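From first to last, the protein sequence lines stand for chains A and B. Just so you know, the first sequence maps onto residues 56 to 198 in the working numbering. Just so you know, the second sequence maps onto residues 51 to 734 in the working numbering.
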Amino acid sequence: VRSLRVLLVEDDPDHVFLVRRALAGLADVAVAVEVAGDGEQAMDRLAGSRFAPGGPLQLVLLDLKMPRMDGLELLARIRAGEATRDLPVVVLTSSERREDREEAVARGATWFVCKPTDGRRFRSEVQQLGDHWARSTPEGLVW
Amino acid sequence: MRTNVRQRDRRRWRRGTAGALRSEALVEEAASPACVLDANGRVIVANRALETLLGVGVAGGLTGRTLPSLAYPPDEELAHAAVQQVLAEGLDRCQVEARWVRVHSRELVWGAWDLSLVRDRRGRPELAIAMVRDLTEMKRSDHERRFFEFMFKLIGEADSSHQVLTAAVQTICHFTRCAMGQVWLPAGGVLVCSPTWHCSGYGFEKLHAASEAVNYELGEGLPGLAWAKRQPLLLEDIRDTGRFDRAIAAQRAGVREAMAVPVTGADGVVAVLELFVTHERAGEPGRLGRIARVAEELGPLVERRRANEALAASQERFQAVTEAAVDAIVSADSSGRLLTWNSGAERMFGWTATEIVGQPLTVIIPERFRQLHSDGIARVGRSGVSKLAGQVVELSGLRRDGSEFPIELSIGSWTGPDGLAFSGVLRDITERKRAEAALASANRELERANAELETLVYSASHDLKSPMVSLLGYLEYLRLDYGEVLGREGNRYLNRMADSTLYMQQLIHDLIDLSRVGRSGVEPIEVDLGRLVRAIAEDAGAANPAAELRVGRLPVVTGDPVGFRQLFTNLLENALRHGGRADLVVVVDGRSVPDGGVELSVRDNGRGIPREHRERVFGVFERLDGPSSSAGTGMGLAICRKIVEVLGGGIGIEGDRGTDVRIVLPAAVGARWPSHELTAGAPR
């Protein structure tokens, strides 16, 4: 069983709960979730993550709609930061539109999963993510 | 018997005196007309010249005639008096100028008779010698001169071409002893008899009425013939019915001769004069020629009058139009001085015409534009070309009280007698400007309100999404964790909740789509509608295997590809969802329309939409079959309409069998048509 350290950037506690629960149910992967309530908190966590006691963060799950600093801005900052440039960022989106998803990728997101609107679908998407992670090399995620 | 008596008298006279013999010789040898009268005033002998003058064919034909019997009846008294003075009263010499009638031809001749008394030995009047001077030519030319003088005097007083012709007819009748004259005018390819006419005598009314009742084409009737031939014509006897169609009316008026004389100007025949002569006056030689000479003079006069009339009429019209106009209509010469100023201009600027005509145009131009104006005038003066001529420009005008107001000016230029001149029509557009500004501000306000509303809808929908996600997530886990506890009924409730929540989520998505149309800011690109619709049809066809989707000829257009995808997806889904039959046939194709745009059609053979609902279905949340999750949210067509309207087009529903959604896109989408059909299928 592999372990994965994930930073969940999400301001809605209900969503935090639902995402946590979905991640907890993954087979083959043990996911440790840290939660940041907004973009600034997320930047703080990321800045200190390299020396964090549990090891560096390996994946960011990012909600696009947040107070203060929105998801896309945070994404831009992650991509601009020296240490965080190559960090995989998976965007959580509630949009069904392919164009919105493609736009997130174009702006630097590594991938996207739909928000847990449809429990089964969300779980299957997160499972795909976990599977992918499980197959990837120890150096990091390759997409 | 008479002749015998005369011969006897003559013989007796011959025998009588030596004076008589001398006189006879003198008369017979004289080159000029002469005769000898006896004491009773009878001709004893007349020479050949006199016989010729008075139109007597045979020699001695005048013998025994008295002077009064030879005179034109009105002049009889004159002749009688002259002879009396000489032979009865013993005056030595007497001269009489009178008109005489030629014996056979009945023509008039003018003659001056110089009578000299010859006395017998006892001093009593014995004979008179008459030397005659033929004044006919002189009198005739004098007559003609007076004729012309009189006519030109009348014409000089005439104001119109009509009056000129009337005066001419009157004069001609008077001087050539025509009984009646009338004027025919060419109008619309035919000759029409003018209502004014002239006659001396009675009984011509019916002839004129008959003339007014007919029109002659070129070459038809006497006037029409003169019109066609462009030469004067004489009909010597109107009883010749084959040649004169108004013969009955003319005969009743006692007419014998008819004449038609064209009046010709530079542009052809301007009128035809028709003149009638009665029996008594008929057959006067040279009459037609004299009238023709008058008519020749008349042509240019009539034409000049006509030109003046046309000019006056156009000036009058111009005056009437400009004075009635609300707009200011002004004109100026090439140096910018005002030439005319209508009442509209008086009202608009506060200057009266008398105050401002002759002033420079700058009077009505605000100070800051005057230099520009002067430069423009100078430039036009140099180049002879006005940039503004024929255009409409918006400027500021200056009122007398110094206030400015916006005007719309259109300028025309023409070359007048004093060089280039300008006319301007000025319209006070204060009200229009105000209305435009009010409209623009209202529009801005409306746009702002709309934008605000859309933003509100957009953000509200997004805010609604978040709790929706939570709701669905918890529902899912509720089912997973406690489904067994809730039992069958509890699970049914859960399912109903989930369905409703999903429907609510779909509504929110559609609302977002609707508010997003037209605000994406995506650069328009070329979209191959044929390829796009085929791809959509493939997806839709996979979900509805019994349905048949045909894609016909569709253009390549420029626009937002996302919008077009949504448009056709919605339309195809609508057709399949509401068609009411599994084996539905849907056809998508298009054609170009005359203004360069395109008309697209998505039509099916389904149950169709009743005419009264065809507008309603484009509303937001409108569904004809009531709410149910399978029927969609009712926003599909609202989104379609918005997509099409953002492109500047229109959408509507046609068709009597099935539904035919027609989309008209403007030329701005730059439709290009594929050169050949790429797909099989039946385009209409």
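Don't be surprised by glycine CBs; every beta carbon is placed ideally from N, CA and C. All figures in this text were calculated on a predicted structure; none of them were measured in a lab.
Return the Cβ separation of residue i and residue j in integer angstroms, given the expectation that the two are a contact with Cβ distance under 8 Å.
i      : j      : result
B/A99  : B/A121 : That belief does not hold up - the Cβ atoms of B/A99 and B/A121 are roughly 19 Å apart, past 8 Å.
B/L87  : B/A229 : Rounded, the Cβ-Cβ distance is 38 Å, inconsistent with contact.
A/L73  : B/G523 : 4 Å
B/V344 : B/M201 : 7 Å
B/H329 : B/G304 : 6 Å
B/V612 : A/E154 : 6 Å
A/L117 : A/V64  : 5 Å
B/L604 : B/V652 : Actually they are not in contact, since the Cβ atoms of B/L604 and B/V652 sit about 11 Å apart, beyond 8 Å.
B/L626 : B/N594 : 5 Å
Using a Cβ-Cβ distance under 9 Å, would residue i count as near chain A?
i      : result
B/H663 : no
B/H735 : Because chain B spans 51 through 734 in this model, residue 735 of chain B falls outside it and cannot be assessed.
B/G609 : no
B/M518 : yes
B/Y527 : yes
B/V535 : no
B/V612 : yes
B/A721 : no
B/Y508 : no
B/Y543 : no
B/G523 : yes
B/L622 : no
B/K515 : yes
Kindly indicate which residue of the options has the alpha-carbon position closest to the one of residue i.
i      : options                        : result
A/R60  : A/Q113, A/R100, A/A77, A/A102  : A/Q113
B/L158 : B/V146, B/P716, B/L104, B/E598 : B/L104
B/I415 : B/R429, B/V430, B/M398, B/G698 : B/M398
A/L119 : A/D186, A/K170, A/E89, A/R134  : A/K170
B/A278 : B/A310, B/K256, B/A471         : B/A310
B/D295 : B/A303, B/V264, B/R280, B/A321 : B/V264
B/E684 : B/V694, B/G698, B/L697, B/G669 : The amino acid at residue 684 of chain B is misidentified as Glu; the sequence shows Gly. Answer by Cα proximity: B/G669.
B/G408 : B/R429, B/V430, B/D425, B/S384 : B/S384
B/D654 : B/L388, B/P83, B/I703, B/R450  : B/I703
B/L552 : B/L715, B/D377, B/L514, B/R581 : B/L514
B/S155 : B/L528, B/L604, B/E126, B/P335 : B/P335
B/L561 : B/T505, B/D549, B/P517         : B/T505
B/L521 : A/D69, A/S58, A/R57, A/L62     : A/D69
In whole angstroms, what is the alpha-carbon distance linking residue i and residue j?
i      : j      : result
B/H258 : B/A148 : 36 Å
B/L411 : B/A395 : 12 Å
B/G708 : B/G656 : 5 Å
B/L351 : B/T390 : 31 Å
B/D164 : B/S73  : 14 Å
B/G540 : B/N493 : 54 Å
B/C85  : B/H212 : 52 Å
B/P677 : B/R546 : Note on B/P677: pLDDT 49, under 50, position unreliable in the model; the coordinate value appears next. If you take the alpha carbons of B/P677 and B/R546, they lie about 14 Å apart.
B/D170 : B/P124 : 33 Å
B/I586 : B/F455 : 59 Å
B/A276 : B/E324 : 10 Å
B/A717 : B/L650 : 13 Å
B/A360 : B/H193 : 35 Å
B/G700 : B/R484 : 31 Å
B/S191 : B/I406 : 57 Å
B/S679 : B/H512 : Here the model assigns B/S679 a pLDDT of 43, short of 50, so the residue's position is not dependable, and the following value carries that caveat. So the alpha carbons of these two residues sit roughly 21 Å apart.
B/Q232 : B/I479 : 56 Å
B/R302 : B/E255 : 10 Å
B/G580 : A/L142 : 42 Å
A/R100 : A/G136 : 13 Å
B/S446 : B/L476 : 10 Å
B/A217 : B/A180 : 42 Å
B/V667 : A/D67  : 38 Å
B/S565 : B/D377 : 47 Å
B/E346 : B/T116 : 43 Å
Is there a Cβ from chain B that is less than 9 Å from the Cβ of residue i?
i      : result
A/Q182 : no
A/S179 : no
* Can you list, in chain order, the residues of the segment 60–76 of chain A whose Cβ is nearer than 7 Å to any Cβ on chain B? -> Taking 7 Å as the Cβ-Cβ cut-off against chain B, the residues of the segment 60–76 of chain A that qualify are D67, D69, H70, L73, R76.
* **Near-chain A residues of the segment 464–486 of chain B (beta-carbon distance less than 9 Å), N- to C-terminal order** => The segment 464–486 of chain B vs chain A, Cβ under 9 Å: nothing.
* **chain A contacts from the segment 681–697 of chain B (Cβ-Cβ distance under 7 Å)** => Contact annotation: in the segment 681–697 of chain B, no residue has its CB less than 7 Å from a CB in chain A.
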